[in-house]
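For reference, the structure is listed below as structure tokens.
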Amino acid sequence: GIQVEQSPPDLILQEGANSTLRCNFSDSVNNLQWFHQNPWGQLINLFYIPSGTKQNGRLSATTVATERYSLLYISSSQTTDSGVYFCAVGDGRGETSGSRLTFGEGTQLTVNP
Amino acid sequence: NAGVMQNPRHLVRRRGQEARLRCSPMKGHSHVYWYRQLPEEGLKFMVYLQKENIIDESGMPKERFSAEFPKEGPSILRIQQVVRGDSAAYFCASSPYRQGGGYTFGSGTRLTVV
Chain A
90 GIQVEQSPPD
100 LILQEGANST
110 LRCNFSDSVN
120 NLQWFHQNPW
130 GQLINLFYIP
140 SGTKQNGRLS
150 ATTVATERYS
160 LLYISSSQTT
170 DSGVYFCAVG
180 DGRGETSGSR
190 LTFGEGTQLT
200 VNP
Chain B
3 NAGVMQNPRH
13 LVRRRGQEAR
23 LRCSPMKGHS
33 HVYWYRQLPE
43 EGLKFMVYLQ
53 KENIIDESGM
63 PKERFSAEFP
73 KEGPSILRIQ
83 QVVRGDSAAY
93 FCASSPYRQG
103 GGYTFGSGTR
113 LTVV
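Those protein sequence lines, which keep their order, are chains A and B.
Counted from 1, the first sequence has number 117 at position 28 by the working numbering; the numbering is strictly sequential.
Counted from 1, the second sequence has number 15 at position 13 by the working numbering; the numbering is strictly sequential.
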């Protein structure tokens, strides 16, 4: 199956700092998503980004499918950004969205005030 | 749009009892997925269902675990004769039929086996 590696495993920032989280995957994918799990355990979908670049406020993501990696950028970090960031990939075929996602082990982000 | 609804939020079972976890997908979503998260770990795929069909159950333990998504009503993840090792957070997600949509996760069910 597809292997997903995320780096760094842990990251500690001061409020206001910028950061880049990386996700490497071992095979071709047609589904890549970034999630944030907050300290209460809720999983929030940040981006559906099998290729290209997207931005949403202070967050942006870029996936270079041909080189099998994706990057999540967090700018001007806030304490509410703390939590675990997961990258998940899938290789479902066809026009439907359905496919199992394989999750990385996550990056634990702590933003201190 | 109420999002993905899971219940119960917390479930305590004694060893040997049965656990039933429920998941109602987002309106308009026809795919349902179950994932398990052990403490301090990532999410592991268990099963992918569409209405009345199991599409991929390659992540389900061979014994004691089953899942269904009936024509009417929520998807059910059933764990028979629970053991301490089943203690985990169980998350359900749903997605739309067409490509281009991400998963939406429910808030999860935290199962504790005592």
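Where is the CB? At the ideal position from N, CA and C, for every residue including glycine.
Minimum Cβ-Cβ distance from residue i to chain A less than 8 Å
| i | result |
| --- | --- |
| Leu-13(B) | no |
| Ser-109(B) | yes |
| Asp-58(B) | yes |
| Phe-93(B) | yes |
| Phe-47(B) | yes |
| Gly-44(B) | yes |
| Thr-114(B) | no |
| Gly-2(B) | Nothing can be reported for residue 2(B), as the shown portion of chain B is limited to 3 through 116. |
Supposed contact pair residue j and residue i - C-beta distance, whole angstroms, cut 8 Å
| i | j | result |
| --- | --- | --- |
| Arg-17(B) | Arg-86(B) | 7 Å |
| Val-173(A) | Gly-195(A) | 4 Å |
| Gln-144(A) | Ser-109(B) | Gln-144(A) to Ser-109(B), Cβ: 27 Å. No contact. |
Chain B contact for residue i (CB, 8 Å cutoff)
| i | result |
| --- | --- |
| Phe-175(A) | yes |
CB contact flag (residue i, residue j, <8 Å)
| i | j | result |
| --- | --- | --- |
| Phe-71(B) | Glu-59(B) | no |
| Cys-112(A) | Tyr-162(A) | no |
| Phe-114(A) | Ile-91(A) | yes |
| His-33(B) | Ser-97(B) | yes |
| Gln-122(A) | Asn-134(A) | yes |
| Leu-148(A) | Thr-109(A) | no |
| Leu-51(B) | Ala-69(B) | yes |
| Ser-171(A) | Pro-128(A) | yes |
| Phe-175(A) | Gly-193(A) | yes |
Counted within 10 angstroms of its Cβ, other Cβ atoms place residue i as buried (16 or more) or exposed
| i | result |
| --- | --- |
| Leu-40(B) | exposed |
| Asn-107(A) | exposed |
| Asp-88(B) | buried |
| Gln-188(A) | Checking the displayed sequence, the identity of residue 188(A) turns out to be Ser instead of Gln. Counting Cβ neighbours within 10 Å, Ser-188(A) comes out buried, since at least 16 surround it. |
| Ala-1(B) | One cannot answer for residue 1(B) here, as it falls past the ends of chain B, which runs 3 to 116. |
| Ile-138(A) | buried |
| Val-14(B) | exposed |
| Ser-166(A) | buried |
| Asn-120(A) | buried |
| Gly-104(B) | buried |
Residue i to residue j span [Cα, whole Å]
| i | j | result |
| --- | --- | --- |
| His-12(B) | Thr-155(A) | 42 Å |
| Pro-27(B) | Ala-150(A) | 27 Å |
| Phe-67(B) | Gln-19(B) | 13 Å |
| Thr-191(A) | Glu-104(A) | 31 Å |
| Ser-117(A) | Val-93(A) | 12 Å |
| Ala-21(B) | Gly-61(B) | 18 Å |
| Thr-168(A) | Gln-197(A) | 13 Å |
| Val-115(B) | Glu-74(B) | 29 Å |
| Asp-180(A) | Glu-43(B) | 22 Å |
Proximity test, residue i beta-carbon vs the ligand ZN heavy atom, cut-off 7 Å
| i | result |
| --- | --- |
| Leu-148(A) | No copy of the ligand ZN appears in this structure; indeed no ligand is present at all. |
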